[in-house]
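Student:
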Amino acid sequence: MTAVAGDNLPVLTLATANPGKVTELVSLLGDRYQIRPRPADLAETDEDRDTLEGNARKKAAEVVAHCGSLAVADDSGLFVAALGGRPGVHTARFAGSNATHDENIDRLLAELTRHPDPAERRAEFRTVIVAAWPDGRELVVEGRVPGTITVERRGDDGFGYDPVFVPDEGEGLTFAQMSLEAKNRISHRARAITALLARL
Ligand code: IMP
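In short: position in the sequence shown from 1, add 112, done, that's this note's numbering.
Next comes the structure, spelled out in structure tokens:
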């Protein structure tokens, strides 16, 4: 068989098959690892842990066991101070197990109506990434971006809670009003990936 560039690089399997996340990791780590998406025959992980780290560790462990390669898993959430840190680990399903992004935002804004003052609407996006090796070694890194929850949606880009999250470093724009490049310079996920790159 003809050798393909990167054939001799170590394999790194992601716990996600999300094309956007896979492309992002290939562009950042593709010169050091053969990046593979989550295998199609691996059952979805039940994300039942009560921390981002617990869920990321569980996802990474299942991929290591299945693939026998270095595995990388991430888990993210939005932590709102006035809500005691909720939705936190339940961010994706804040309004119910099959909730849409729009329904999740509606619930968040409804819960914050008693807190109209921006000072009371402080929040933080967090991403935890766990890298796990077949020999049991493990690396845990985190990225955070602090900001404020708006009273109304602003902007059309991005996903999830982007229309209602104004990062402190975003000159007053929501994530959904920023270009992807601008968001990626400061986002929780970008910061976690930068921390991972520095330590891999
Ligand atoms: P995940 O762990 O990356 O799947 O993120 C969990 C949930 O957090 C997503 O379903 C989104 O609702 C939310 N989330 C994570 N990252 C972002 C972001 O960059 N912008 C908006 N919402 C996000």
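The beta-carbon is built from N, C-alpha and C at its ideal position, and this holds for glycine as well.
Using 8 Å for Cβ pairs, my map puts HIS227 next to ARG233. What's the rounded Cβ distance?
Tutor: 6 Å
Student: On the DSSP bridge list, what partners appear for ARG297?
Tutor: For ARG297, which the question treats as bridged, DSSP gives no partner whatsoever.
Student: Among residues of its own chain, excluding the 5 on either side of THR125, which ones have a beta-carbon nearer than 6 Å to its beta-carbon?
Tutor: ARG148, VAL175, CYS179, SER181, ALA183
Student: Exposed or buried, ASN167, counting other C-beta atoms within 10 Å across all chains shown (16 or more means buried)?
Tutor: buried
Student: Buried or exposed for VAL257, going by 16 or more other Cβ atoms inside 10 Å?
Tutor: buried
Student: Quick one: using the 10 Å Cβ neighbour count with 16 as the cut-off for buried, is VAL192 buried or exposed?
Tutor: buried
Student: I'd like to confirm something about PHE237: is its beta-carbon nearer than 8 Å to some heavy atom of the ligand IMP, or not?
Tutor: yes
Student: Following the continuous alpha helix (DSSP H) through ALA222, name the residue where it begins and the one where it ends.
Tutor: 213-223
Student: Find the nearest neighbour of ALA294 within the set ALA304, ILE305, ASP268, GLU281, judged by alpha-carbon distance.
Tutor: GLU281
Student: Looking at the secondary structure, which residues open and close the alpha helix (DSSP H) in which ARG136 lies?
Tutor: One point to set straight first is that residue 136 is Glu, not Arg, in the sequence displayed. Counting along the chain, the alpha helix (DSSP H) containing GLU136 begins and ends at 131-141.
Student: Within 8 Å: the Cβ of ASP280 and any heavy atom of the ligand IMP?
Tutor: no
Student: I need the straight-line Cα distance from LYS133 to ILE305, nearest angstrom please.
Tutor: 11 Å
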